[in-house]
Every structure is written in C-alpha cells, then in structure tokens.
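Q: Chains as they are written, first to last, in the numbering used here: chain A, 4 to 693; chain B, 17 to 596.
Sharing a structure here in structure tokens format.
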Amino acid sequence: MRLIWLVPCLPALGALVNGLAGVRLFSRRTSGAIACTALLAAFGLSAVAFIQLLGLSPVSRVVDVVLWTWIPRMPLQLTSATLGSFSVPLALRLDALSAVMLLVVTGIGSVIHLYATAYMAEEPRGGYARFFAYLNLFCAFMLLLVLGSNFLVMFIGWEGVGLASYLLIGFYYERPSAADAGKKAFLTNRVGDWGLLLGILLVFATFGTVDFREVAAMVAALPAGAHVGVVSAICLLLFIGATGKSAQVPLHVWLPDAMEGPTPVSALIHAATMVTAGVYLVARNAVLFSHAPQVMTVIAVVGVVTALFAATIALVQPDIKRVLAYSTVSQLGFMFTALGLGGFTAAVFHLVTHAFFKALLFLGSGSVIHALGGEQDMRRMGGLRKFLPVTYMTMFVGALAIAGIPPLSGFFSKDEILLRAFLSNRAIWAVAVLTALLTAFYMFRLMALTFFGEFRGAPAESPLLLDGEVPHAHAPHEAPSMMTVPLMVLAVGAIAAGFLGVPAALFGRNAFEHFLLPVFTSPGHAELAHAGAHGVSVGGEVGLMALSVVVAVAGIALARRWYVVHPERAGAVAAQWPRLHRLLLRRYFVDEFYGVTIIRGTLASSRWLWRFDTGLVDGLVNGSGKLTLITSWFSGLTDRTVVDALVNLLGRTVAQASGVVRSLQSGLVQNYALLMLFGIFAFVTLYLFV
Amino acid sequence: MENASHLLSLILFTPLIGAVVLLLLPKAATTAIRGVANVFALAGFLVSVPLWFRLDQTTANYQFVERFRWIPSIGAEYLLGVDGLSALLVLLTTLMGAIAVAASWTAITERVKEYYVFLLLLQTGMIGAFVALDFLLFFLFWEVMLVPMYFLIGIWGSDNRLYSAIKFFLYTLAGSVVLLLGILTLYFAFHDATGVYTFDIARYQTFAFAPALQWWVFLAFFLGFAIKVPMFPFHTWLPDAHTDAPTAASVILAAVLLKMGTYGFLRFSLPMLPTATHVFLPLVVTLALIGVIYGALVALAQKDWKRLVAYSSVSHMAMVMLGMFALNPVGVTGSIIQQLNHGISTGALFLLVGIVYERRHTRAIAEYGGLSKVMPVYAAIFLFMTMSSIGLPALNGFIGELLILQGVFAVSKVWAGVAALGIVLGAAYMLWLYQRTMFGRIEHPKNEDLADVGPREFATFVPLIILAIWIGLYPAPFINRLNTSVARIVTRVSPQYADVFKAAGIDCGAGAPQAPAVAAAGVPSFAPPLASSALSASSAASAVPATSGGTAPAAGGGLGGFGSAPCADPAAAAGGETHK
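As structure tokens, this is what we get:
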C-alpha cells in the first residue's frame, strides 16, 4: 500500500512516453501496448492495495502517503484574533472510497483501453499515439483526483481530467464542432471551478486546513446547529463545482456536445469516470455536507430535476450517442438525489454499477457506429441484431441493467436510491419513479431503433467522416474480438456488480455499504449518514422493489409497442404534440438561451469595452499627446509673434535710433573740426553771457 | 560584509561589456556579432546563477552588498545589494535576456550590430534597477532602460512602430518625472529629520516619514509605478508597444520590464510609505479588480494575436497587484511568484507568436487556423503555455493564483470572488485563441507548408517548460527564498505580523513598525473563522502523519482549542458575502 503513488504515476509515465516519443517513433501496436500495460499494471496495484485494505479492520482502513510539501508553510491572519498557517502537502490517501474509485477507474479504464486499440485502428500512426497519450493522461489525473488527501491535490486531478477531456473531445480538431465542444466543456467546467476554488479557499479560511479528514473531524466536533451559515456556504460553493463536472442543471450543456470525442472517450470519461467526480466530491465530504441540511435539499432537488429533465430529452434524440449522453446526465442526477438525501453509499453504489452498464452501452454504440462507418443517427439504423449479435446481446444486458430489471446491477443500486427517496421525501420519490419509467422507455427505444425492424440506412458517406477515411462499402459487420471481448467483460460486470450490495430485505448483507460507511461518518457520528436507512418494514421494501420493477417493465413494454410492434405509433405521437416534441428535440432551448444571454452578452461587452479602451482610455492618452502638440504649436506661434517680435522690435528700434546718430559719425575730419568749433563757440558764449 | 564579493557588479556589467565588444566588431560580420551577443547573454545568465545558490535564506538583510562613493556631495552612492525578491527577479532577467537574444538569431536581419548592442544595454539597465540600493542609482537605471527599448521598438518594430515607441517612451517618462519628484521629497525629508543626505534605500525603509508627506509621495510613486505595471487606466501604451515591438523586445517587455512597476511598489511604496499604503489601498484594489476583469474581457475581443496576449498581461498584472495589496504573507508571496510566472508564461507566449510571425509576417488571428496539423510540436508547446497561463494546477500559474486568492480571501471574500472570475475569463480568451489558431482545417494556403519549430527555437522553450513544471509541483525553493523579503515588507505594512514571524523563526528585518493604530486601519473586518487561534496549534493540525492512521483525527492539538475559539453570530458568518 506504500506504493500507492505508483498508481497514478504509471499511466502518467505511459502518457509521457507516448506523447513525447510515441507520436514519432512507435507503431500503433507499440503505442497501444504501452498505454494498456500502464493502466493494467495500475489496475493490478489497485487490486493488491484493495485486498490489503480489506485485511485491515474497518476503522483503520486509511493509508496516508505524503510525497512532499507542495506549498510550504506561510502564516496567514484569518481574523484579527485567529491566525492560520497555509501549507499544503502533496499527499495521497487510500481508504475505502478511494479504493473503490481506483478499481472503477483502472478496471473499466483498462477494458476501454483494450477496446480502443481496435476502435482507433484506422487512425494514422501519430494520431493513434496521441490518442493513447491523452487517454493515459486522463487516467493519471483521475487517479490523482480520487487519491488526493486534501482539496488542493484533488483539485490538480480535477482540472487535469478537464484538460484531458478537452483534448479528447477535440481529438478530431479539424472538425469545427469538435473544437467547439472541447472549448465548451472546458469553459462550462471553469464556471463550476470558480465555485469549487472559492469553496476551497473558504474551507481553509474557516478550518485552517484543506485536508479532508481534518475538516471532517472539525465539522463533526461542532455543536449541532453551530456555524450552519459558513458550512452551508462552503457546501454550496463546492456543489457548484460538482454541478460543472457532473453536468447537472444548469451546467449540463457541455456533456451532450462532448460526444464529439471518439466513442471510447465517451465511455470512459463522459460516462464511467470523470463525470462522476462531482459525486465523488460530495461523497468525500459527506460529514461536511451532512452539516448543511439546506444545501443537501438543494442537491437532492437539483439532482432529481436533472434526472427528469435529461430523461425527457433522451426520449426523442435521434443520435444514439446523444441519447446515451442525456441518459448519463439523468443517471448522475439520480446519484445526486441520493447524495442530497444522505444516501452516500447508495450514490457511490450507483456510481459503480452505472460505470459498468453505461460504459458497456457506450462501447456497444461504438461498435454499432464502427460497423456503420461513422453513422450515429438511429433513423438510419435498424435491424442490426442480425449483423451484430454480440453487440446486440451485450447492449441488451446493459439496457436491462439501466432499466432496473432484477437481478442486474442497476436494479439494486437504483432501488436503494428510490427507497431512500421514499423514506425522505415523497415528492422527490415520485419524480424519481417517473424518471425510472422514462429511462426504461428511452433505452428500449434506442434498442428498438438500432437493432429491431429493418435496416434503414445505406452505409453511405457520412458528414462525420474526415477526408482520409474511407466509408464502409459492405454490409454492417460485427467488430473484431478486441472490441467484443471488452463488451462481454462489461456485460458480466453489469450483471454482477449489483451483488456487491444486495439489501437485507433480499437476504443480502449489503457488503458495499458496510465497506464504505466508515468513510462517510466521523467516529462517533455513525448515525449521520445512516439515519433513517431502515425506516420501513421488509415487506414495504419488497413492495417498493416490486413497484419499480413494474415501472421498468411498463417502460420497456411501451417502447416495444411504439417502436417494434407498431413502428408508426411513435411518429404519430410526436405529430400529436409537435410543440412538445420540438421542445424536447431542441433540448428545451437551453443552449440557445445561454447563447443569446451569457455568451453574446460577454462577447458584446468585450467588444464594447475594447471600443471604450481605444476610444476613451487611449483617447485620453492620445488626446493629452495632441494637447501637448497643440500647446507647443501655440507657444511656437507666440514665440515667433510675441517674444521674438519684441526682441526684433527692440533691435529695430536701436537700429533706427542708431541710424539717426550714425549720420553724425561721418568719419570726415573737417566735419568733426567744425563741430568742435561750434562746441567751443557755444561754451565760450555760455561762459561770457550766462 | 560589504564589498566581500563583486558578484552583483559582475552580473550588472557582463551585458555592458558584451555591448562594448560588439561595438568593436565590424558591422558586416553579422554571424560573429550574433555569436558574441549570444555568448555574452548566456554568460550573463551563468554569472547570475550563484545568486540562487549563495543567497542566505535566513536573513532579511540585503546581501552581496557593494558600496562605493559616487557623488559624495549629495550623498549618492554606488550601492548594490539583493534580497530574495530582487535575486529572483535578476535571475528572471538574465534568463529571459539570454532567451530573447537566442530567439533573435534569424528574426533580425537589418542593423544587426545596433540591435544586439541595444538588447545588451537594456539588460544592464534592468539588472541595475533590481540590484540598486541607492535611490538615485535606481532612478538612473530606471531611465537607462527606456532608451534601448525605445530604439528596439522604433527601429526593428512593425507597422506603427514610431507611434508605439514614442508613446511608450513619453508615457513612461511622464511617470518617471513624478517618481523623481517623490524621491527628492523623501531625500530632503530624510535630511530634515536626521541631518544626513543619503539615498540609501535600506535607511528609508526603516524610517517613519510623516503621514502627510507619505500621502503625496505615494501618489507620485503610484503614478510612476502604475504606468509601468501597467494598471488600468494607465495601460494603453502596453498593447501598442507589444504589438509593434520585435519578438525579443516583446518578451523582455512582458517578462521583465512590467515587473519594474510591481517591484517598485514592493521595494519602495509599501515599506517606505506604509501609512499611505493603507490610505490608498481601496483605490489600488479597485483599479486592480477592474484590471483583472477588464483586461480579460478586452482580450476576448482582440483580433490580433499579440494584442490579445498584451491585454492578458494587463489582467495578470492586475492580479499581481491585488495579491500584493492583500498585505499579508500569502498574498505578497503569491504576488511575487505570479510575477515570475507571468514572466515565464507570457514571455513564452510572445516567443510563440514570434515564431509564426517570422514565418508568415502577420499577427492577425484570422490568418491562422489548423496549425496543429503542420506544426504539432509548436501546438504542443503552445498548449502547455496556454495551460500555464490560465493556471492549470500542477503548473506554475496555479501556485501564484492560489496564493494570491487565498491571501486576498483572508481580507475580503468579495475581492477574491471577483478576481476568481478573471480566471474563468482567462480560460475563455486563451482557449478561443488556441482554437482559432491551432484547430480547424487549414484555410490559408500559405499555412500549408509552415515549418515546425526548429532545434534552436525549441531550445528557447526548454528552460521555460522546466520552470513551469518546477514551480507548479515544487515551489518551495522559490517560496523559501522569498520568506524573509516578504516578512520584511509585510511587517512594515501589517505590523501585527511581526510577532508571528518571530514565532515562526522568520527574520523580518530591523524595520521598526509604524504606529500600529495607523497601519491596522485599512484592514476591513470580516467574519471570524473557525480556525484554531494559535499558529503553533494549527501547524500541528496540518502536519499529516505519514502512517496508516486509525480513526482518530490527525489534527492533534489544533482541535483542542476549537470548541473555545471565538465564534461570531453564525448568521453573520454565513456566506452572505461569498456568493452574492
């Protein structure tokens, strides 16, 4: 377990090797092998660490590894009375929660890496290495995110996965839509990060530390009801960050666009791992959030609203990946609902099962897209059951799992959330059940449109193809085993993962909950996260389960009726409510709304300010320059006309005056003698007569 | 210990000697001229490296001091010395100088000799301003810098070079004149009080000038330094100067020259005029906050690559000013670290623009697009520097921004909230720039056969990339070198920290704090946090044990005082200030 630092380092090394050398030197085979080996080794290490962790007693399952002092100690006066000291170690922590996350990231990550080696096979050599460098880079940051023992180390991972996501969404950077989507994802996340960063600053200003466990211990030591204000502020700011990363309303807009990335990326980053970081953030700070009941309500409401909102959009989308993207948003909403209701283990449980079945569904859709030469529009699919039997079977498993059909994994995890909602808030429960119905419906709509009926599309040139790619001219065919085997592995996971947490009502012991619970509670405060978990009888619990199964079956049956048995029904329903259909199809016009308000507003103000800058601010500078020039011209004028004129006047006066006097000085001696004679004559006259 | 070594003089005059040697070379021998210039620029960096290793991190006194008589009749001296702050800035200067000279190899083809002479002269001017401890000597170097830069822009610049060069020169000169008035005011005031005529900076820094005098002198200094930083609304010379300057001059301008302004505040305004600092704090902070948002928004509207980076500088330098005026150790340290970061990232961004400009002779963003395809290495470096500039954690920019925001947050949550918005906008303009230049298909036929960065060009980025990762992952060597300088400055403006530094064993210098009543006046009040109330206690709290722990909180003694910590009305402590 001391070697836990190797887990993020191995994929980082893989990224470095592929990024620096692989792009120029390696064959596709070598690049793929390096990336897969790095992640598989990380998986092996994680598994070993997990087993070692299981060997410890439940309360001592915490291993800290301090790598070095990241930011050295500096004193900081927090108030006139209190003094903190700012210091952050670059430290990792392995505990039950991070161990689970490690296994999810490295396990599902490895499977997706293997799948990608075949999926990306037609990529040119350099691009192939670049792809795997990014993919490994993502894993490294994701692992750091879940291993960080304090907010700031987690934040490295948090922003790092954002960067990797940006690079992978924009992987086909020559496609403007891909470049746009990457930028949109990064910027939307930055808005969330604004909240997260301020939240972290407030955590330090409040507790004098950013370490998760220290903060939890200090919060737990608070008397009940004390400092609710500041704790709520922290939680709300952190939750803003979570809504960005986990694509919750109102910051959900980036995730559907993120489907511009290659499908393995959608599976790994935008379904199984990165988007769950927000869920992880809240779960990691369970004790903190438990002390902010109002914020918890906000989280639950945002979660359930997102779940319903995204599910309704998924009902009508024609693009197979977009349906899955909105489904992901919706399922993340389920997780936040659970978090908001205090069901931290339920949320993480659903995170794990969702990682399996959603990765499976994405990879399955990738197999379909691959078979059709890049086609993503389900209106041009259909009847693929015959051509892609393995993909069909595995995706069917995934669809059943997400719909919540027992005993597949989704059933257990979703049911735990529904149970908790039923106990806490009936309104939230009702919305969640409705969402479950919609989920079953849109998933089987997807299955029906893709695999049933007749094949509707000619595998023709698609607008998504780049110049170099050759459209598939032959009939759709099943993917190579490098792609189908990962599908099967994930299908097994989607079936089996639920058995980790079989509830007591079904004679299980919910091992998952017992494993995780110590993380979500501080010592002596076990009741906080566990409160009300058993407020209903076994019979009632089984009854609720039966209800959710009925709901799921109803959704599936309806989808079958509208899309398989009477395929014309769906169009008729849509025609019946054209406005509603358009509203859903255009995703409630949220993007358009942001476009005309925030984006256009920012750009308009930036252009206005630029005019202000060149016009007024710089205008004043240039104006004062001009003023100086004008002043100097005037002073030049004055100089010439007044000052110089006076000087010249004086000169001229002297000259003229001297002209008069000059005539006296003729230089003729006889004149002078005459003058002298006159002079003597005058003096003598004066002397004699005056 | 004075005159024990002549390290600073060596660092100061190496570029000047290089300039003299260049003057002796024949004009036509351009290759020799380039070679000699590169050798001296590199030597200039190498002789400065001992500063890093030999700097004593435990003392707040100036080090490597050299003192000789210069103009005895007025008390002016040739007095050099550095502390952590100026040592790091000198290292930044010599490194960026070497890089700028190396980057000019193929870019400059006319009047090669004069170009390198001016570039090396500029080096000496900048180093001199950082190492001078005599106020008059500082002013001399401050003015010396202007002349070579004026010629660099005016002769080797692009389109509008004469306008930009004159604007740069006159604008800065206007500030300098007022600055000189301020210096002389202090000089005579110091003489009136002590009977000594001296320009010794260290003595001014420990002297309590009369508050009314401080007010006027702060205003004078502010004008001189704020123009240089440049702070909104004195920034408009910068986009013009940057846009028209040749690449190397842009790099130096962004990386080093702008730091003169912030250095001036840290070296002179804050320690010499602590009372006035608090008086003017609201004004400076307001201008800084406007600058952060304003610079970022205006950058968003730019169609010229260089002008965009120039406006990003306005935003980043405003952030530096904001951190400085938090007047606490975290904020000031962050401010200095961010100065280095800005030098590294923005310097690199200008180098990057220079590379494509040299190939295509245009800076219009619309002329580019799709460069990733033909210049993959260039695109990778550009991406790296973009991430460094927008503060991606684990790279340098984040450390600076984090420390600044944490420092500011302790003073005002609203300021921090507004400043953090600048980070969102920073990502917006940089990523949009990246998309418009690097992504998409190549639309312009001339871009189709652009050469990727060559070995020489690549070499200029290597030290910057290393520094970005180093500061990002392990900033301790930098922060530790700054501790005592920061302590000395902070103790002067926030005397309440004097005891804190003593307790932490950090030398904060001999500067007697001003009257505490005045100095504390400008600090706004805010809700008390829940943190433990003693430094020692919270140090115990953050020392995370590296062992597999039990369930007992690792906080140790820090939590003991927690329950009894003074707590305000919870409603008052609520996030009202935070997320409005």
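Where is the CB? At the ideal position from N, CA and C, for every residue including glycine.
Given the structure is predicted, the values throughout are model-derived calculations rather than measurements.
Please look up how many angstroms separate the CB atoms of residue 43 of chain A and residue 113 of chain A, rounded, as I've assumed it's under 8 Å.
A: 5 Å
Q: Tell me whether residue 250 of chain A sits in a helix, a strand or coil according to DSSP, three-state version.
A: coil
Q: Can you give the Cα-Cα distance for residue 675 of chain A and residue 649 of chain A, rounded to whole angstroms?
A: 36 Å
Q: Go through its chain and collect everything with a Cβ distance to residue 218 of chain A's Cβ below 7 Å, but skip five positions before and after it.
A: Cβ contact annotation for residue 218 of chain A (same chain, cutoff 7 Å, sequence separation greater than five): 206, 210, 212 and 291, in chain order.
Q: May I ask you to list the residues that DSSP assigns as paired with residue 79 of chain B?
A: B/98
Q: With a Cβ-Cβ cutoff of 8 Å, do residue 313 of chain B and residue 441 of chain B count as a contact?
A: yes
Q: Around the C-beta of residue 340 of chain A, are 16 or more other C-beta atoms found within 10 angstroms, so that it is buried, or is it exposed?
A: buried
Q: Give the range of the beta strand (DSSP E) segment to which residue 65 of chain A is assigned.
A: Per DSSP, the unbroken beta strand (DSSP E) holding residue 65 of chain A starts and ends at 65–80.
Q: Alpha helix (DSSP H) containing residue 130 of chain A: first to last residue?
A: 128–150
Q: When DSSP labels each residue in this structure, what does residue 544 of chain A get in the three-state scheme?
A: If DSSP states are grouped into helix, strand and coil, residue 544 of chain A belongs with the helices.
Q: Against chain A, does residue 403 of chain B count as a neighbour if the rule is that its beta carbon must be under 8 Å from one of theirs?
A: Yes - at least one Cβ of chain A is within 8 Å of the one on residue 403 of chain B.
Q: Please report the straight-line C-alpha distance between residue 460 of chain B and residue 367 of chain B, rounded to a whole angstrom.
A: Distance between residue 460 of chain B and residue 367 of chain B, taken at the CA atoms: about 22 Å.
Q: List the residues of chain A that residue 187 of chain B touches, going by C-beta distances under 8 Å, in chain order.
A: 624
Q: Below 7 Å on C-beta distance, what does residue 388 of chain B contact in chain A?
A: 176
Q: Would you identify the three-state DSSP class for residue 90 of chain A, choosing helix, strand or coil?
A: strand
Q: The alpha helix (DSSP H) spanning residue 571 of chain A covers which residue range?
A: 571–579
Q: Verify whether the separation of the beta carbon atoms of residue 99 of chain A and residue 519 of chain A is less than 8 Å.
A: yes
Q: Keeping to the same chain, check which residues put their C-beta closer than 6 Å to that of residue 244 of chain B; ignore five residues upstream and five downstream.
A: 276 and 277
Q: Pick helix, strand or coil for residue 321 of chain B, following the three-state DSSP scheme.
A: helix
Q: For residue 9 of chain A, return the contacting residues in chain B, with the cut-off set at a CB-CB distance below 8 Å.
A: Within 8 Å Cβ-Cβ: nothing; residue 9 of chain A doesn't reach chain B, min ~16 Å.
Q: May I ask which residues mark the beginning and end of the alpha helix (DSSP H) holding residue 415 of chain B?
A: 412–427
Q: Please name the residue or residues paired with residue 97 of chain A in a DSSP beta bridge.
A: A/66
Q: Just the Cα atoms here: how many angstroms apart are residue 271 of chain B and residue 416 of chain B?
A: 15 Å
Q: Which residue's Cα is closest to the Cα of residue 79 of chain B: B/376, B/24, B/480 and B/65?
A: B/24
Q: Taking all protein chains shown into account, do 16 or more other C-beta atoms lie within 10 angstroms of the C-beta of residue 130 of chain B, making it buried, or fewer, making it exposed?
A: buried
Q: If you drop the 5 nearest sequence neighbours on each side, which residues of the same chain put their C-beta closer than 7 Å to that of residue 555 of chain A?
A: 406, 407, 408, 439 and 443
Q: So which residues of chain A does residue 440 of chain B contact, with C-beta pairs closer than 9 Å?
A: 190, 193, 194, 196 and 197
Q: By Cβ distance below 7 Å, which residues in the same chain neighbour residue 79 of chain A in space, the five residues on each side in sequence not counted?
A: 87, 88 and 89
Q: Kindly say whether residue 166 of chain B, judged by its beta-carbon, lies nearer than 8 Å to any beta-carbon of chain A.
A: no
Q: For the alpha helix (DSSP H) containing residue 401 of chain B, list its first residue and its last residue.
A: Start and end: 392–405.
Q: Among the residues of its own chain, which have a CB less than 6 Å from the CB of residue 345 of chain B, if the five just before and after it don't count?
A: 502 and 506
Q: Since residue 386 of chain B and residue 455 of chain B should fall inside the 8 Å C-beta cutoff, what is the C-beta to C-beta distance between them, to a whole number of angstroms?
A: 7 Å
Q: Pull up the distance between the alpha-carbon of residue 512 of chain A and that of residue 505 of chain A, whole angstroms please.
A: 6 Å
Q: Using the rule of at least 16 other Cβ atoms within 10 Å of the residue's Cβ for burial, across every protein chain shown, is residue 18 of chain B buried or exposed?
A: exposed
Q: Ignoring anything shorter than 4 residues or poking outside the segment 263–340 of chain A, list the alpha helix (DSSP H) runs there in chain order.
A: 266–270, 280–287, 289–293 and 296–317
Q: So, does the CB of residue 326 of chain B fall closer than 8 Å to a CB anywhere in chain A?
A: No - not a single Cβ of chain A is within 8 Å of the one on residue 326 of chain B.
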